[in-house]
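Engineer: Residue numbers (the working numbering), protein chains in the order written: chain A, 2 to 113; chain B, 1169 to 1284. We treat Cβ as the ideally placed atom computed from N, Cα and C, and that holds for glycine. I have a structure here, written as structure tokens, and I will follow up with some questions on it.
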């Protein structure tokens, strides 16, 4: 079993809809949680960053972390065709090395 | 402020050869991490460098090695290339700061390595 699980999709939504993405994890030591967006053949771009449990909002993006359930979510409001990409969740325990452990990514397609 | 830059963008090698990939970290960042991303998968941590020393390593064999230079740029070297080494290699840098700040990693565009 992988440390971080993420539905690969594809997730297809109409323009303007809310995109809901999530990841589950097994390592209770994780306390730093990130969401990245990756366009085809490009590097991951940091969207949201959360420390410990709680919610964080930035523009159209909302990230939620529930450490008791080992579950994190990303919501994208008013989705646009330009949001079509692969979304990666990543997390870190913050120990020496600060390595990020990624989910496999969810491919999202926003249709005009 | 320039972001993380990697070179080359694309590389083709044959099995058994050696390759060196390069990364310039973002201004003000002193930690560099390397990841391997196979097609359709999430990135896998290779290792991290801080103050020119290896500061954590993932489950990769010793033929994957690296360096960090005084200007915080870095190299990833892979010896005895295998077909399975074909992947996108990503470099990420982290800023100086407190525990929260230095856990943020910013990625470059990657080097796509094809091993034939």
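Determine, for residue 113(A), whether the minimum Cβ-Cβ distance to residues of chain C falls below 8 Å.
Structural biologist: As a matter of chain content, chain C is missing from the structure shown, whose protein chains are A and B.
Engineer: Identify each residue in the region 1207–1228 of chain B for which the Cβ-Cβ distance to at least one residue of chain A is less than 7 Å, and report them in chain order.
Structural biologist: Within the region 1207–1228 of chain B, the qualifying residues are 1209, 1210, 1211, 1213, 1216, 1223, 1224 and 1226.
Engineer: Taking only three categories from DSSP, how would you classify residue 79(A)?
Structural biologist: In the structure shown, residue 79(A) sits in coil (DSSP, three-state: anything other than H, G, I, E or B).
Engineer: Which of helix, strand or coil does DSSP assign to residue 101(A)?
Structural biologist: Coil at residue 101(A), not helix or strand.
Engineer: Identify the contact partners of residue 105(A) in chain B, using a Cβ-Cβ distance below 8 Å as the criterion.
Structural biologist: Within chain B, the residues near residue 105(A) are 1208, 1209 and 1210.
Engineer: On the DSSP letters alone, give me the boundaries of the beta strand (DSSP E) that residue 111(A) sits inside.
Structural biologist: Element bounds for residue 111(A): 107–112.
Engineer: What's the call for residue 1(A), buried or exposed, on a 16-neighbour Cβ count within 10 Å?
Structural biologist: Only positions 2 to 113 of chain A appear in this structure, which leaves residue 1(A) out of reach.
Engineer: Anything in chain B within Cβ reach of residue 101(A), meaning under 7 Å, just list it in chain order.
Structural biologist: Residues of chain B passing the Cβ test: 1213 and 1273.
Engineer: Return the chain-ordered ranges of every beta strand (DSSP E) run that is complete within the region 4–31 of chain A and spans a minimum of 3 residues.
Structural biologist: The qualifying runs are 5–7, 12–15 and 20–26.
Engineer: Residues of chain B with CB under 7 Å from residue 44(A), in chain order?
Structural biologist: Going along chain B in sequence order, the residues near residue 44(A) (Cβ under 7 Å) are 1258, 1275, 1276, 1277 and 1278.
Engineer: From the beta carbon of residue 110(A), is the nearest beta carbon of chain B less than 8 Å away?
Structural biologist: Answer no: the Cβ-Cβ gap between residue 110(A) and chain B never drops below 8 Å.
Engineer: Using a Cβ-Cβ distance cut-off of 8 Å, determine whether residue 1241(B) contacts chain A.
Structural biologist: For residue 1241(B), the answer is no, since every Cβ of chain A falls outside 8 Å of its Cβ.
Engineer: Any contact between the region 1197–1207 of chain B and the region 1237–1257 of chain B? By contact I mean 3 or more CB pairs, one from each, below 8 Å.
Structural biologist: Output reads yes: the region 1237–1257 of chain B touches the region 1197–1207 of chain B.
Engineer: Quick one: give me the first and last residue of the beta strand (DSSP E) that residue 57(A) is part of.
Structural biologist: Unbroken beta strand (DSSP E) run through residue 57(A): 55–59.
Engineer: I'd like the span of the beta strand (DSSP E) that includes residue 1181(B), first residue to last.
Structural biologist: 1178–1181 is the extent of the beta strand (DSSP E) around residue 1181(B).
Engineer: Could you tell me whether the Cβ atoms of residue 9(A) and residue 106(A) are closer together than 8 Å?
Structural biologist: Yes, they are a contact pair.
Engineer: Would the beta-carbon of residue 28(A) fall within 8 Å of that of residue 4(A)?
Structural biologist: Cβ distance < 8 Å, so residue 28(A) and residue 4(A) count as in contact.
Engineer: Between residue 1218(B) and the rest of its own chain, which residues show a CB-CB distance below 6 Å, the 5 nearest in sequence each way excluded?
Structural biologist: Counting only Cβ-Cβ distances below 6 Å, and skipping sequence neighbours, we find 1199.
Engineer: Tell me, which residues are paired with residue 73(A) by DSSP?
Structural biologist: For residue 73(A), which the question treats as bridged, DSSP gives the partners 24(A) and 66(A).
Engineer: May I ask you to list, following chain order, the residues of the region 47–58 of chain A that have a beta carbon less than 7 Å from some beta carbon of chain B?
Structural biologist: The region 47–58 of chain A vs chain B, Cβ under 7 Å: 47, 50 and 52.
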